[in-house]
Each structure stands twice: as structure tokens, then as C-alpha cells.
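Peer 1: Line by line, the protein sequences give chains A and B.
Numbered according to this note's numbering, the first sequence spans residues 1 to 176.
Numbered according to this note's numbering, the second sequence spans residues 1001 to 1176.
Using N, Cα and C, we set each Cβ at its ideal position, and we do this for glycine too.
The structure is given below, and queries will be raised subsequently.
Protein chains: 2
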Amino acid sequence: MGNAVTPVILGLLSIGPRSGYEIKATVDRSTVFFWAASYGQIYPELRRLEDDGLIEGEDASNGARARRVYRLTAAGHRELEAWLHGGDFKMELRDESLLRLFFADALPRDEALRLVEARRRMFEHVLGQLRAIDERPGEDPPFVDLVLRWGLAYTEWETQWCAEQLERLTEGATSA
Amino acid sequence: MGNAVTPVILGLLSIGPRSGYEIKATVDRSTVFFWAASYGQIYPELRRLEDDGLIEGEDASNGARARRVYRLTAAGHRELEAWLHGGDFKMELRDESLLRLFFADALPRDEALRLVEARRRMFEHVLGQLRAIDERPGEDPPFVDLVLRWGLAYTEWETQWCAEQLERLTEGATSA
DNA sequence: GCTAAATATATCGTAGTGATATATCGTAGT
DNA sequence: ACTACGATATATCACTACGATATATTTAGC
């Protein structure tokens, strides 16, 4: 695997041929919550993967507008499967809301509590976005469906956790 | 806020004076799960923050070994509080395990299920690490404690979710 | 026919990562 | 006392990634 976008590209092309633009668009409405990708990564990587023989591009220009559609080669399939079997999966999180909470002892208590409330609202907002996605649980291939379910379940868990903690932290302090 | 490390530096210095090395060490055993920082960011940023008057460095060399300890200035305190009050908190996730699951329909069912099991084991491992941290819930300032609780609760939730999904996906298929 | 949005590729400055170089101090074992 | 190793401490560099934007064409709505 060359870099971070390599698996998404190979994975999406394993489902069907796509252009760089379509890859970006697909990522932006599916994996973006846990795996983002930018044009600045995608286009150079498509060229590299073609040079390495893992994908094959075909000209699909529409009139004067250039367009290149890529499909996975046999070698690309093997590479994708090797990655799927690979043992180590890294996980990185960058959560500014948690960082604020971590330093919130520097604030007056009521303002710190408002940060928890703001976190809850943030996840409620995301929940709305996820529920607005037209594909509903059960209507996708089982493991795509699994990941969609994860998104919903995780977001719901976060909102509930915030609510519980708010309750715990304000407990008995309502009129003291 | 200059860049991504700025808030951690200001936040940690608001608790007490530290050297760059100590900032890195503190981050690595506290915020690293949701906010990492590298020397390549920390040292240049310390200089920039000192130039801007948000922190003040003092020489604390020990014999021939150079050491510089920084503390927050009044302006730095104001900057930190402004950030704590700021409205927008970004959240980014990069989860290779989820990405694998997303493309797992390309695998035979039993191998795909093993990916779920591997995810569960990964979070069980993290849970062990978190529980090994000497500071236990209740023994820190309330909001530091809150974030520690979050880490434990989140990791537990992930292991449970994996177990539930494994059950759902193998349901009735044990001897069919 | 006009305009706005969508399609499509390409690139560039800035910033971050992880690794490493350099050097000293503390300490545990012998 | 000596020595080796790990921890402390700062600094830097090559590589990679990101986000934004430039450029241009086609489609769709009105």
C-alpha cells in the first residue's frame, strides 16, 4: 500500500470503474466520516497506481472535457485482498471538543458544563445528517450496511453519553 | 490559534510550567488518543508563542544540558480562554478497521466476520491499556476525569458493539 | 439563450509526521 | 569506580498530506 488513499481507491474500484472525480464524490458521501481523501492525494495516486499496474485507465472523454475512468487489474485485486487480510489497523482521532473538555477545569463550572451540552448538540446534528442519507440499514451489501450502522450507533451513543454525564455532573446541585 | 498544537501547549502550561520535552511526554500519556503532537510541531510552536508573548521561557539548564521551561503569560491565558469559548470544534477520525469492514463484502463471509472479531480484540487491548493508567476515575480534576471516563466508556462501547454485531451476523447460520 | 451548478482534472503553498541526529544526565549492576 | 543503558532534552529534515483554488466544459433549469 503506497499511502493513505491507496486502499480507498482500490476498494471503490473493486466495486466498479470510476473517475478520480467520482472517487472523491463517493468518498465524500460514504467513508468521509472515518476516512477522508483529497484531490491532492487522489489524482497523483491514480497515476502511480496505473504506473504500477494495479489499475488501468481508459479515456472516457465527453466531447472536449477530459475524463479518465479507472478499473482494477488482477494485480490490483490481489493488492486489495492482501490489505484486507493485513493485520495492523491504525486508528487516529482528532477531537477538538474532547480537548476543550480536558482543559475545561480552567473555566467556571457552568461554562464547562455548557461544553458538554455543546458536544451533545454536535452529535445530534451529525445524527440528523446520517439519518438523512437515503440508503437505509438493510439495503446495502452486508458489510457496507454494517459500517453505516456503526455510524448511527456511535453517534447515538455519544449523544447519550453526554446527556448522562451532564446529569451526573449537575446531580444534587440544582438548587444548592 | 496558530495551529493544531497551540491549544494543547497553552492548556498544559495553564496547569503548570513545562519544557517542550515534558509537554510531549504529558501529551503521550493523556491526550494522545484524541489529540496527538510531535516534536516537529511543538518546538517551532514554542518559539512562535514566545515571540507572540503568549508564553514566557526561562532557562532551566541542568549543568551542560540545555533546558527551557515555559509558563503562560496573561495574554496566553486570555488566548486559551478565548479558544475554550470558541464555537466550532472539528472532529476527524481515521479508522483503518472500519475501512476494511466497508470493503469486506469482497471477502468470503467467514473472513469478513474475522475482521469484526479483530476489531473487538483491538478495542479490548486498548481497554487494557487505559485501565493500566494509574490515575483512576475520581482522582483528577472533574473535567480531566470526565475525559478519562469517556475513553473507558467509548472503548467498552466499541467492544460491545462488535460482539453484538458478530452475534447478529452469525444468527441462525451456525449449522445451516 | 443565459446562468448556475455539476463535472473533471490539476496543482501549489502550507503544515504535519515520524524519524533521526546530537548530547547529557541518572542509575543499576558489577 | 566504571560502564552501559535508558531517560531527558532540543533540533531538524525529508516526505507526505491537506485544503483551497485555478481552469475549463457540460448539463439543467428557466
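1) What is the rounded straight-line gap between the Cα of T1073/B and the Cα of S1030/B?
2) Within the continuous beta strand (DSSP E) that includes E56/A, where are the two ends?
3) For the stretch 1016-1031 of chain B, enumerate the residues whose C-beta is nearer than 8 Å to any C-beta of chain A, in chain order.
4) What does the alpha-carbon distance come out to for the pair E1092/B and E96/A?
5) Closer than 8 Å, CB to CB, is D1095/B near chain A or not?
6) Flag G1011/B as yes if its beta-carbon sits less than 8 Å from any beta-carbon of chain A, otherwise no.
7) Helix, strand or coil: how does DSSP classify A1139/B here?
8) Check the C-beta distance from W161/A over to A1163/B and give it rounded, since I have them as a contact under 8 Å.
9) Should P7/A be labelled buried (16 or more other beta-carbon atoms within 10 Å of its own) or exposed?
10) Taking 8 Å as the limit between beta carbons, can you name the residues of its chain near L113/A, skipping five residues before and five after?
11) Kindly identify the DSSP beta-bridge partner or partners of M1091/B.
12) Is it buried or exposed for Y39/A, if we count other Cβ within 10 angstroms and need 16 for buried?
13) In the DSSP output, which residue or residues are listed as bridge partners for R114/A?
14) Specify the secondary structure class of S19/A as computed by DSSP and reduced to three states.
15) For the beta strand (DSSP E) containing L1107/B, list its first residue and its last residue.
16) Exposed or buried, R177/A, counting other C-beta atoms within 10 Å across all chains shown (16 or more means buried)?
17) So S12/A packs on L1101/B, CB below 8 Å; how close in whole Å?
18) Is DSSP giving V69/A helix, strand or coil here?
19) Any beta carbon from chain B within less than 8 Å of L49/A's own beta carbon?
20) Going by other Cβ atoms of all chains shown within 10 Å of its Cβ, with 16 needed for buried, is K24/A buried or exposed?
21) Which residue comes first and which comes last in the alpha helix (DSSP H) that contains R1048/B?
22) Cβ atoms of A106/A and S1014/B: under 8 Å apart, would you say?
23) Beta carbons nearer than 7 Å to chain B: which residues of the stretch 95-110 of chain A have them?
24) Of all Cβ atoms in chain A, is any one closer than 8 Å to the Cβ of V1005/B?
25) Exposed or buried, Y21/A, counting other C-beta atoms within 10 Å across all chains shown (16 or more means buried)?
26) Say whether the stretch 115-125 of chain A touches the stretch 1044-1057 of chain B, bearing in mind that this needs 3 or more beta-carbon pairs closer than 8 Å, one atom from each stretch.
27) Taking 8 Å as the threshold (C-beta atoms), are T1159/B and E1124/B in contact?
28) Which residue from E1139/B, G1128/B, I1133/B puts its Cα closest to that of E1156/B?
29) Can you tell me which residues form a DSSP beta bridge with N3/A?
30) Output yes or no for whether 8 Å exceeds the beta carbon distance between R1068/B and P1017/B.
Peer 2: This is what the structure gives:
1) 24 Å
2) 55-59
3) S1030, T1031
4) 9 Å
5) yes
6) yes
7) According to the sequence shown, residue 1139/B is Glu rather than Ala. Looking at E1139/B - three-state DSSP - the assignment turns out to be coil, as it is neither helix nor strand.
8) 19 Å between Cβ atoms; not a contact.
9) buried
10) L166, L169, T170
11) D95/A
12) exposed
13) Partner(s): none; R114/A has no beta bridge.
14) strand
15) Note, L1107/B: premise wrong, no beta strand (DSSP E); not H, not E.
16) Here chain A has residues from 1 to 176 only, and residue 177/A is not among them.
17) Before going on, a small fix: residue 12/A reads as Leu here, not Ser. About 15 Å separates the two Cβ atoms, so there is no contact after all.
18) strand
19) no
20) buried
21) 1039-1051
22) yes
23) D95, E96, S97, L98, L99, R100, L101, F102, F103, A104, D105, A106, L107
24) no
25) exposed
26) no
27) yes
28) G1128/B
29) Partner(s): none; N3/A has no beta bridge.
30) no
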